[in-house]
Every structure is written in C-alpha cells, then in structure tokens.
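Visitor:
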DNA sequence: CTGAAAGCGCTTACAG
DNA sequence: CTGAAAGCGCTTACAG
C-alpha cells in the first residue's frame, strides 16, 4: 500500500525509469523491450503495489481525466440520476466525475466552475443557472470542452442536450383533454430559465388558443413549498379540474396540499407532472407524467464531451433535443 | 482564460518565481516582500487570469485536496442527500469530492477505491458493501484516512459513523404497538450487512419476546421490486395488521403492492419505514418513519476525516453512533 | 532493445 | 527583501 516511486521500482527491477514507464504503460512490445525484462518490471510493480502518481502524470500529460459536473442540487432525484448515469457510463473509461451543487445561485455556479477549472478538469458538464452566459462562453472559447444540459442559452453556440419542453407540456395538456379536463391549473417556477419559459409558453399558448381561463400560477424557487400550498389552494377554490405541475417537486408539494384539503385525485382534480419521480407510480392513483430520458441525456452529454475532446473538435451541430415521453398511469 | 504559468507571470511582473509564488500564496507579508512588488504581482495575476496548475501543486505538496466518496448508489435519495451535505459542508474549504457507486458489488467497490487511491485522494468516505474488510483495513493502516458510514465492520477499528439500527426498529415497533398493532410484518433485505442484521435482530428479538407470529421476510437486493411484491401479498394474506419496511425503497415498493391489492393504510394495514423519503409526507396517510440524521452523519464523517488528516491523528474512539429519530405522521 | 536527460509547473529550503 | 536551485514523480523525444 506504500507509495513506491517509478525510480525506486526501476531500481529494484534493475532498469531505467524510461524502460519501466514504457512497460507499465503497455508500450513494452511496441518498443521491443525484452519479454524477460517486461516480466521483471511487472512483477516488481505487483509486489510493491506500485501506483503511478496521478498528479505527476497529469502534469506531464496536461490532462486530468476528470470531468466537472455542475448541477443545481445533487440531492434532487433528476440530477442524482443523471450523475449516476454519467458515472456508470464512464465506469469503463479513465474518467472520473467531480461534482458540485449551485443551489440555483449563479455566484456559486461561477465559483464552482472556477474551482473545477483551477483543478484543470478536462471538460465541464453543467446544468446552468442561465445567468453566466458570457463567463461560460469565454471558457468554451478558450478551448475547454463544455456541455450544457437541462438548461441552455438559446442565443449561443454552447453545445447542449435538452428536452423538448414545449412538446412535453403539450403532451400533458392533450392527455388532460383526453380525460375531458378543461379547467387546467398550471403551477410553475419563477425562474429565468428557458426550459421553464418553454414549458410556460406551451401552457399559455394553449390557454389563449382555447380561450381557457387563466389558471397560470408561479412560485419562487427559494420558497416553493409554502407558496405552492397557497397557489394550489387558491386554484382549487377557483374550481380547476386538473393541475399540471412544472416539475416533480412542485407536484409532490401540490399533491400534499391537495389531499390535505380533502380533494380527491383524479375524480375531483386530476394531476400530472413534468418530470417523473420514484413515488409517482406508488401513489394511488399513479401520477401520469412526462418523463425525461435520463440515460439518454447522460449518454448524449458524454458524446458531446468526447467529440470536443477529440482532435477535430465538435462534429455535430452541438444541439441535441430529446423527446420527453408521456408515461400514462392512472391520472 | 488561457493558462499562463508561474514562470511567465513572474517574468511579466519582473520578479522571480519564488517571489511570485510567495505572494500568490498570501505569504508576501510574512516574507516581507515589498508592498509595491506584491501589488504588481497580484495585478499581473489578475490581468492574465492566472490559475496555478493544480496537478503541479499537488505533486509538490503531496496532497490533492480531494476526498473520495464511495456509496452503493448515488441515485438513492439517502446517499445523494449525504453527498449534498458533504459537498455543502466542504464548500468553504479547498476540498472537493470524487464519487462513485458500487451498486452493492464488492468488486466494483474495490476497483473504485483503487481508482481513487491511484488519484491520491487525501481521504476516503465509504458506505461499504461490507465484504472488503481486509482491503480497507490495509489502506487505513497504511496511513490513508478512512471513514465508514451507514455500514461498518463490527470487529474493526476503522473509524465509522452509524446510526443505532436496533433502536430505530424498536422505535418503529413501539409506535406500531401504541397503535394496537400486533401482527407486524417485516420486509427486509437479504444482505450481509450489520446495519441490516441489527434491524432484523431487533424485530426478531421482539418477535420472540412477545411470542408474536413469525412475519419476518426478506428479499434480494438485485430483484427487490418483484420479490417485494410477492412477499407483501403473502403477508397480507396471512392477515398482518402492520408492515414494517427495512428501507425507504422497500416501503415504496410495498405500498405500491398493498394499494394495488386494495388494502387500505392505515385502517387495514399500517405502514412504517426505516429511513425517510421525500414522498412519505405526501402520501395519504403520511408514513411514519425513523429518520436518519443525514446532515449530522455528513458532519461527523468530516469530523473524523479531518481528525485523521491532522498531525496527531484520530483523537476520539473513531466510533460515532447517532440516534435515529421517530417522525410520527399519520400511520 | 535500453538509458540519460529534459520538461511539465509548482513550492520551499537555502543564500545573501 | 529577493533569487537560484533542487525536487515532487512522471513521460517522451532523442541517442546509441
């Protein structure tokens, strides 16, 4: 378990550092090092449990084999699932993930990215607060691979993989309509994010097109639990027959409020959510949702990262838009 | 955003690398470097956005300011919350977290730890599969700080922070008894973990002490969803009036099964869970649980890590047992 | 087939 | 007050 250095190892195997390094890196055959010599080096390495010093290697190679992941909140099931997927898909590579949560705070986002950059991460995957466009673009333009996911900057060439938010909400609305619901309440977030705006736009477009009553409401991210309760109660009084939640955690909060007030789902008020959650299939009734393809989001983020890491740079347009899937349960 | 080196920076500021390094590391005053000179260096650093190369610094200092976190599954809400807490508590330090999921596979655990060690992490925080005692002890004994949490090795000096699992289950049982339930079904995991054994022991001790019917059942981790369904149905047929789930995800699965069979909670069958979940307060009725103090677990893990990192080494016994809290809701 | 040497970008005794 | 130099542990042209 002790750290023996390449130099010591070479000494014990009676070869130079060069030879030892070559063999240890699997270049023994290419450099036609004697089989015996190779064996000897490998044996000594095993015997002393040789661990090449990663910092030294990173320093010489100029790569850290590390990717920085920046999300709003790693405790949020969507992001922790993304992290899990990234990690699993990276498991058979040399790459590791460094991660941090911004808590939707842009200062913290910049500090986090800065920290990762100081550590010379080879690439950045970020679900941005969308308040750091110039900063992130500067990084990207300086040659550091960047992939945005979940949130992106619409007027920017920054590579990103997102979901078609507008269509996602549409699917939910159509579904509700197929259940003959017309007074659909919408509970969203007061956040300057395009992902959010798109969702809200879809609802508002539908509202206008159908001259439906305006049951569009938003709450603040920092205080969503309390505000959600207020907004939901009010909507219920207004006589909505369906509630569409913009995110899974809003839905969770809203359902809590609804049932505490004695409203029954789906009879009184039907409930659907943008974004799935482990519990939604457990509820009675099971909550119908639009599901974000977590594995494919992760997969495509890595695809864009590796494209940028390669010689030629990005081959594709850098924009990947995935289709959110309607998962019909009981609501 | 370009990487300018210390040498270049020194050149532009017309000082030696030594002086520049000293000033940049806040040792300017200690070494009585001219105020003017200091200003000049700082100005140049800011102007060229100087980022000291982390690999180089790690190499010279022999520390990477990185802690490796190993958990069974980062997508599990318990572990992602731990990760979030660790990260937040580490936010005002220089430390960063590298993390990986073992998926309860001990080979993967060893590979993961090995990878982290290759990267010279300064410490390891691990929720072990509990099948790698010798390996982890060897690491610990070689001087690398290690803290186990959630799961530990009972006959080992490895520092750990755990929860009193036996008492946790007891609290749940007492609660159920206070609700006049006597036919309590137990759904647990077929895993060789002491945390699990303790929970199961608590139930079995109670069962024997009270001569209660044997409603103790276990399922395999890899296939818990399907098996849980079978076990729960059977228990329901056996006429249990309460179901005690060993983990939050078992509870989630069990509730799904129960309600699909038309059983009503808490009237027909009361349900409680070891381990909380975001949805448990949303369910109707709210699920009573024993809550694991996530923030305090994280806090104590870091306490033990930093103790080991300090000169004198571990000051305390290295064993921290936290009290799980009964959170009474509607069940 | 193998080795001596330079270089990656820092930090830190050691001098003066 | 400041600098020259060694050293951290690797990799990789360059020689022979």
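Chains as they are written, first to last, in our numbering: chain A, 1 to 331; chain B, 332 to 662. Glycine included, C-beta positions come from ideal geometry on N, C-alpha and C. Keep in mind that this is a model prediction, so the values were computed, not measured.
Could you pull out every residue in the same chain whose Cβ sits closer than 6 Å to the Cβ of residue 451 of chain B, ignoring the five residues on either side in sequence?
Guide: 395
Visitor: Which term fits residue 86 of chain A, buried or exposed, when burial requires 16 or more other beta carbons within 10 angstroms of its beta carbon?
Guide: buried
Visitor: Would you kindly work out how many angstroms separate the C-alpha atoms of residue 327 of chain A and residue 171 of chain A, rounded to a whole number?
Guide: Spanning the two alpha carbons is a distance of roughly 10 Å.
Visitor: What's the call for residue 358 of chain B, buried or exposed, on a 16-neighbour Cβ count within 10 Å?
Guide: Exposed is the call here.
Visitor: So is residue 307 of chain A in contact with chain B if we call contact Cβ pairs under 8 Å?
Guide: no
Visitor: Could you run through the region 563–592 of chain B and flag, in chain order, every residue whose CB is less than 7 Å away from some CB of chain A?
Guide: Among the residues of the region 563–592 of chain B, those with a Cβ less than 7 Å away from any Cβ of chain A are 583, 586, 587, 590, in the order of the chain.
Visitor: Chain B partners of residue 115 of chain A, CB-CB under 8 Å?
Guide: 427
Visitor: Less than 8 Å separating the beta-carbons of residue 446 of chain B and residue 96 of chain A?
Guide: yes
Visitor: Quick check on DSSP: helix, strand or coil for residue 217 of chain A?
Guide: Residue 217 of chain A: strand per DSSP, three-state reduction.
Visitor: For a cutoff of 8 Å on Cβ pairs, would you count residue 390 of chain B as touching chain A?
Guide: Taking Cβ atoms only, chain A reaches closer than 8 Å to residue 390 of chain B, which makes this a yes.
Visitor: Under a three-way DSSP split, which group does residue 283 of chain A fall into?
Guide: coil
Visitor: Name the chain B residues whose beta carbon is nearer than 8 Å to that of residue 404 of chain A?
Guide: Because residue 404 of chain A is not part of the residues shown, which for chain A are 1 to 331, the question remains open.
Visitor: Express the C-alpha separation of residue 165 of chain A and residue 294 of chain A in angstroms, rounding to a whole number.
Guide: 14 Å
Visitor: Could one say the Cβ of residue 274 of chain A lies closer than 8 Å to chain B's Cβ atoms, at least one of them?
Guide: no
Visitor: Name the one or two DSSP bridge partners that residue 160 of chain A has.
Guide: A/148, A/319
Visitor: Could you compute how far the alpha carbon of residue 354 of chain B sits from the alpha carbon of residue 339 of chain B?
Guide: 15 Å
Visitor: Using a cut-off of 7 Å between C-beta atoms, extract the partners of residue 418 of chain B located in chain A.
Guide: 74, 100, 101
Visitor: Would you kindly work out how many angstroms separate the C-alpha atoms of residue 647 of chain B and residue 464 of chain B, rounded to a whole number?
Guide: 21 Å
Visitor: Is any beta-carbon of chain A found at less than 8 Å from that of residue 343 of chain B?
Guide: no
Visitor: Based on the DSSP secondary-structure assignment, which residues constitute the bridge partners of residue 427 of chain B?
Guide: B/397
Visitor: Mind the definition here: the region 33–41 of chain A touches the region 5–20 of chain A only if three or more C-beta pairs lie below 8 Å; say whether that holds.
Guide: Counting C-beta pairs closer than 8 Å gives three or more between the region 33–41 of chain A and the region 5–20 of chain A, which meets the contact rule.
Visitor: Which value, in whole angstroms, describes the spacing of the CA atoms of residue 592 of chain B and residue 619 of chain B?
Guide: 21 Å
Visitor: Name, please, each residue of chain A whose Cβ falls closer than 9 Å to the Cβ of residue 621 of chain B.
Guide: What residue 621 of chain B touches in chain A: nothing, since even the nearest Cβ is about 19 Å away.
Visitor: In this structure, what does DSSP give as the bridge partners for residue 619 of chain B?
Guide: Residue 619 of chain B has B/603 as its beta-bridge partners, per DSSP.
Visitor: Give the interface partners of residue 450 of chain B over in chain A, defined as CB-CB distance under 8 Å, in chain order.
Guide: Contacts between residue 450 of chain B and chain A, judged by CB atoms closer than 8 Å, involve 54, 96 in chain order.
Visitor: Here's a check: name, in chain order, each residue in its chain whose Cβ is nearer than 6 Å to the Cβ of residue 153 of chain A, leaving out the five neighbours to either side.
Guide: The answer, listed in chain order, is 133.
Visitor: I think residue 397 of chain B touches residue 453 of chain B, with their Cβ atoms under 8 Å apart; what is that distance to the nearest whole Å?
Guide: Yes, they are in contact, since the Cβ atoms of residue 397 of chain B and residue 453 of chain B sit about 6 Å apart, within 8 Å.
Visitor: Out of A/243, A/44, A/25, which one is the CA nearest neighbour of residue 11 of chain A?
Guide: A/44
Visitor: Enumerated in chain order, which unbroken segments of the beta strand (DSSP E) with a length of 3 residues or greater are wholly contained in the region 430–486 of chain B?
Guide: 454–457, 477–480
Visitor: Pair every Cβ in the region 532–546 of chain B with every Cβ in the region 469–488 of chain B, then say whether three or more of these pairs are closer than 8 Å.
Guide: no
Visitor: Show which residues of chain A have a CB atom less than 7 Å away from the CB atom of residue 556 of chain B.
Guide: Result: empty, since nearest Cβ-Cβ is about 11 Å, beyond 7 Å.
Visitor: For my contact list, residue 161 of chain A and residue 324 of chain A are in at a C-beta cut-off of 8 Å; report their separation, rounded to the angstrom.
Guide: 13 Å between Cβ atoms; not a contact.
Visitor: Report buried or exposed for residue 440 of chain B, applying the criterion of at least 16 other Cβ atoms within 10 angstroms of its Cβ.
Guide: buried
Visitor: Do you know whose CA, among B/373, B/564, B/650, lies nearest residue 482 of chain B's CA?
Guide: Residue nearest to residue 482 of chain B within the set B/373, B/564, B/650 is B/650 (criterion: CA-CA distance).
Visitor: Taking one C-beta from the region 406–424 of chain B and one from the region 71–82 of chain A each time, how about it: are there three or more such pairs within less than 8 Å?
Guide: Verdict: yes, contact present.
Visitor: List, in order along the chain, the chain A residues whose C-beta lies closer than 7 Å to that of residue 612 of chain B?
Guide: Ordered by position in chain A, the residues that pass the 7 Å Cβ test against residue 612 of chain B are 256.
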